[in-house]
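Mapped onto the numbering used here, the consecutive letters of the sequence shown carry residue numbers 1401 to 1803.
Think of the CB as a built atom: it goes at the ideal place given N, C-alpha and C, for glycine as much as any other residue.
Single-structure report; data block below.
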Amino acid sequence: MKRWVKQISVLLVAVLVFMGTFTGCGNTTQTSGTSDKTSQSDKAASGENDGTGTKGDQLPEEFTLAMIVVTTSGGLFQKCSELLELAGKACGFKVIYDVGAVSPEDQITSVENVISAGADAIVFINFTTDVLPKVARICDENEVYWAQFLRDVTDPEILGMLDSSKYYVGRAYTDEAAVAMDALASFKENGVKKAAIVGPATGDITTDTRAQVFKENAADYGIEVVTEVRTLTDATDAAEAVNNIVASYPDCDGIFCISGSDSRGQGCIQALQSLGKSGKIKLAMVDFIDGIAEQIDNGTVTCAIGGQYPNILFTTMMLVNQLSGDPLNGGDKVLAKMHNLVLKSSEDCEAYFKYCEGEDGALAYNEEEIRALSKQFNPDLTYEKFQEICDSYGMEDVLSRRQ
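Here it is as structure tokens:
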């Protein structure tokens, strides 16, 4: 039987996708009965189906999947939630959200909260690796499967702990080293010789990797890194950083914004415009902000790197297969690496915003393609094929499925 953590007084925004109803939980959360959860978890843990169960048009049992995330309004995480909801509709599971947690302490509270609310599985994005052992312990104690999205793990001690965690299924992550190399290639194409790096505080493996790889390889592209500013939380910080860089390094002709979300990208662009440096100081940025096509067209942005929201889908489908009794990699952890998209022209932007973030609600994967990532609906699916689909994500892949 599951050991349920006690209810935590925290705001939970819950979306029951399959039922199509929205439930807001105020001071407390509601727990569901344990009988359905226990049978679902026991079946998955024992591998009762293990690829041999009856396949059909629905999962063996409906389950509840929780997403712990900073926000579901705007930007990357909104698209993550939209794709997660589509997966719930396609496969027939419920989705609940816990929104707003950033610090390790708050994220732990969120994990406890969604377990109390009846989650059978959790998709989780961490902002420090320190939180992972605690999440693993809580999920193991409560027999709740979980997996990471948009994050890799490189610390040997943490990796060992995750490998030994019974209810940790795996992680889907993006190739952050390639992000830095794409930015360097773009700068070289545009004649950049001296570049600065700007972004949020250190401590997040994604942005830290982008900055480190950029610095390690800049000389090979004939680029000198003149400074690195890692204090950006919003547009104001970003604008101040750009102003200081231009004042302190007047020959700087390129800025690599390693995270343009939370209005950081807009702040960089606004500062360059105010200084009369748009197009003179080239900007490469991660994340597709509003108006990115115009900024690429006018030469302010040499490339925008992003479109990584489908990462949530591969993490989700790891858990769907696990809870269906069809674990993707037997008893081993599931790993899936995907690539970001690179937009360098108005044509690139037009294709992306038509097929991946369409005004008509179009996303990078449709219901049929989502179901193909489940052994329940696609018995021919293998772990290798799953990884291949994840690895092949890109505009060429999307266009081949849409045109």
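Quick one, which of the options has its alpha-carbon nearest residue i's?
{"i": "M1581", "options": "V1613, G1603, V1592", "result": "V1613"}
{"i": "S1745", "options": "N1698, A1601, F1777, V1598", "result": "N1698"}
{"i": "N1711", "options": "A1487, F1463, I1558, G1474", "result": "A1487"}
{"i": "K1566", "options": "Y1793, G1560, D1540", "result": "D1540"}
{"i": "A1577", "options": "N1778, I1605, M1717, G1622", "result": "I1605"}
{"i": "K1563", "options": "D1726, N1644, A1536", "result": "For clarity, residue 1563 is Asp in the given sequence; the question names Lys instead. For D1563, the nearest C-alpha among the options comes from A1536."}
{"i": "A1639", "options": "L1672, C1480, D1608", "result": "L1672"}
{"i": "L1763", "options": "I1515, K1479, A1619, K1534", "result": "K1479"}
{"i": "A1693", "options": "L1683, G1676, L1723, D1748", "result": "D1748"}
{"i": "I1813", "options": "L1632, V1531, G1599", "result": "In the structure as shown, the chain begins at 1401 and stops at 1803. Residue 1813 is therefore absent and cannot be evaluated."}
{"i": "I1538", "options": "D1555, I1515, A1572", "result": "I1515"}
{"i": "E1788", "options": "L1773, P1779, S1800, F1777", "result": "L1773"}
{"i": "D1498", "options": "C1491, S1473, A1490, K1489", "result": "S1473"}
{"i": "G1492", "options": "E1767, R1802, S1800, D1780", "result": "E1767"}
{"i": "M1738", "options": "L1632, D1791, K1594", "result": "D1791"}
{"i": "A1572", "options": "A1611, D1651, L1719", "result": "L1719"}
{"i": "D1620", "options": "L1632, T1602, T1631, L1584", "result": "L1584"}
{"i": "G1706", "options": "V1511, D1651, C1756", "result": "C1756"}
{"i": "D1662", "options": "L1741, V1686, M1561", "result": "V1686"}
{"i": "L1781", "options": "S1586, N1721, F1753, G1691", "result": "N1721"}
{"i": "I1468", "options": "I1645, E1461, N1526", "result": "N1526"}
Give the C-beta separation of residue i and residue j to the nearest angstrom, bearing in mind that I take them to be a contact with Cβ-Cβ under 8 Å.
{"i": "V1495", "j": "L1476", "result": "Rounded, the Cβ-Cβ distance is 17 Å, inconsistent with contact."}
{"i": "G1518", "j": "V1734", "result": "With a Cβ gap of about 24 Å, G1518 and V1734 do not count as contacting."}
{"i": "T1529", "j": "V1553", "result": "6 Å"}
{"i": "A1547", "j": "V1579", "result": "Actually they do not touch by this definition, with Cβ atoms about 22 Å apart."}
{"i": "A1736", "j": "M1795", "result": "Going by Cβ atoms, the distance from A1736 to M1795 rounds to 19 Å, so no, they are not a contact pair."}
{"i": "Y1793", "j": "L1728", "result": "Actually they are not in contact, since the Cβ atoms of Y1793 and L1728 sit about 17 Å apart, beyond 8 Å."}
{"i": "Y1765", "j": "L1459", "result": "Going by Cβ atoms, the distance from Y1765 to L1459 rounds to 18 Å, so no, they are not a contact pair."}
{"i": "G1665", "j": "D1634", "result": "That pair is no contact at about 11 Å."}
{"i": "K1682", "j": "T1702", "result": "5 Å"}
{"i": "G1660", "j": "I1696", "result": "About 13 Å separates the two Cβ atoms, so there is no contact after all."}
{"i": "A1490", "j": "R1771", "result": "5 Å"}
{"i": "S1724", "j": "Q1776", "result": "5 Å"}
{"i": "V1646", "j": "L1675", "result": "6 Å"}
If you run the structure through DSSP and keep just helix, strand and coil, what is residue i?
{"i": "T1574", "result": "strand"}
{"i": "G1518", "result": "coil"}
{"i": "G1475", "result": "helix"}
{"i": "E1628", "result": "strand"}
{"i": "D1498", "result": "strand"}
{"i": "G1560", "result": "helix"}
{"i": "F1524", "result": "strand"}
{"i": "T1554", "result": "coil"}
{"i": "C1652", "result": "coil"}
{"i": "I1468", "result": "strand"}
{"i": "Q1670", "result": "helix"}
{"i": "T1529", "result": "helix"}
{"i": "F1777", "result": "coil"}
{"i": "T1782", "result": "coil"}
{"i": "T1606", "result": "helix"}
{"i": "G1591", "result": "coil"}
{"i": "E1640", "result": "helix"}
{"i": "Y1621", "result": "helix"}
{"i": "Q1612", "result": "helix"}
{"i": "P1460", "result": "coil"}
{"i": "D1506", "result": "helix"}
Residues bridged to residue i by DSSP?
{"i": "V1646", "result": "DSSP output for V1646 lists no bridge partner at all."}
{"i": "Y1568", "result": "W1546"}
{"i": "C1657", "result": "V1598, M1685"}
* Which whole runs of the alpha helix (DSSP H) in the region 1675-1763 are 4 residues long or more, in chain order? -> Restricting attention to alpha helix (DSSP H) runs no shorter than 4 residues, the region 1675-1763 encloses them at 1692-1697, 1711-1723, 1746-1755, ordered along the chain.
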